[in-house]
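Take a look at the structure below.
Residue numbers (this note's numbering): 6 to 210.
Here it is, written out as structure tokens:
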């Protein structure tokens, strides 16, 4: 695999947690025969636009010829096992869910009122919420599942996903502004559009 690790980091800040997570996995990636490149983007405040730029650069780099694009947010912590599992699962798009920022104290308090005999694991479960939206009767395979929505801060996408989107959605192509680093590119597409989407139940999200 030729994996481009893409880190949006507006203002040029990458957390200590993220830095050491990447550092700790690089040796395993190299020992496993994977070629790695790391790109950061400190000048883009809109995360979806930053992701679009990363994809364009990923597709433009013929020398590296990347096969997989791995998005990592600048405040995400992970370990070798997390990365190993998404690589071995080998799907077009794989994400890892993680807790949303903030604690759900009221949810925990409501639970404690019903039952004061609550262990540490349950306490943690009620205190946290995770960035994932499951289908009804979701079936899991080795801890993975097909979902409606998931967090994108630790997400691996195969190259062919982007080429398929480009081929089927030519209307997404746009002309990049000057001084963006991708001006003149033929691979600039709005892969990650920002908007409100109506679901089948009629709810806007």
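C-beta atoms are modelled at their ideal positions from N, C-alpha and C, and glycine is treated no differently.
Identity of the residue in the options nearest residue i by Cα
| i | options | result |
| --- | --- | --- |
| residue 75 | 209, 136, 97, 67 | 97 |
| residue 48 | 15, 168, 27 | 15 |
| residue 71 | 99, 184, 50, 168 | 168 |
| residue 85 | 11, 26, 109 | 26 |
| residue 203 | 157, 153, 42 | 153 |
| residue 109 | 126, 122, 130 | 130 |
| residue 106 | 80, 88, 166, 113 | 80 |
| residue 193 | 73, 88, 62 | 62 |
| residue 73 | 118, 143, 185, 159 | 159 |
| residue 13 | 175, 191, 68, 60 | 60 |
| residue 103 | 117, 68, 24, 78 | 78 |
| residue 171 | 191, 155, 120 | 191 |
| residue 89 | 117, 120, 6, 208 | 6 |
| residue 50 | 67, 38, 17 | 17 |
Sheet register partners of residue i (DSSP bridge)
| i | result |
| --- | --- |
| residue 11 | 44, 76 |
| residue 129 | None; residue 129 has no bridge partner. |
| residue 203 | 209 |
| residue 162 | 74, 98 |
| residue 138 | 154 |
| residue 146 | 149 |
| residue 178 | 194 |
Sub-9 Å separation of residue i and residue j beta-carbons
| i | j | result |
| --- | --- | --- |
| residue 83 | residue 149 | no |
| residue 101 | residue 92 | no |
| residue 161 | residue 8 | yes |
| residue 198 | residue 188 | no |
| residue 41 | residue 10 | yes |
| residue 184 | residue 64 | no |
| residue 151 | residue 143 | yes |
Cβ-Cβ separation, residue j to residue i (assumed contact under 8 Å), whole Å
| i | j | result |
| --- | --- | --- |
| residue 177 | residue 195 | 5 Å |
9 Å Cβ cutoff, residue i in contact with chain C
| i | result |
| --- | --- |
| residue 208 | Looking for chain C here will not work: only one protein chain is present. |
Near the ligand NAD: residue i beta-carbon under 8 Å from a heavy atom
| i | result |
| --- | --- |
| residue 183 | Only the bare structure without any ligand can be found here, which leaves the ligand NAD out of the picture. |
> For the 8 Å Cβ check, are there 3 or more pairs between the stretch 55-72 and the stretch 21-33?
Replying inline: no
>> Check whether the stretch 34-47 and the stretch 128-135 are in contact - that is, three or more C-beta pairs closer than 8 Å.
In response: no
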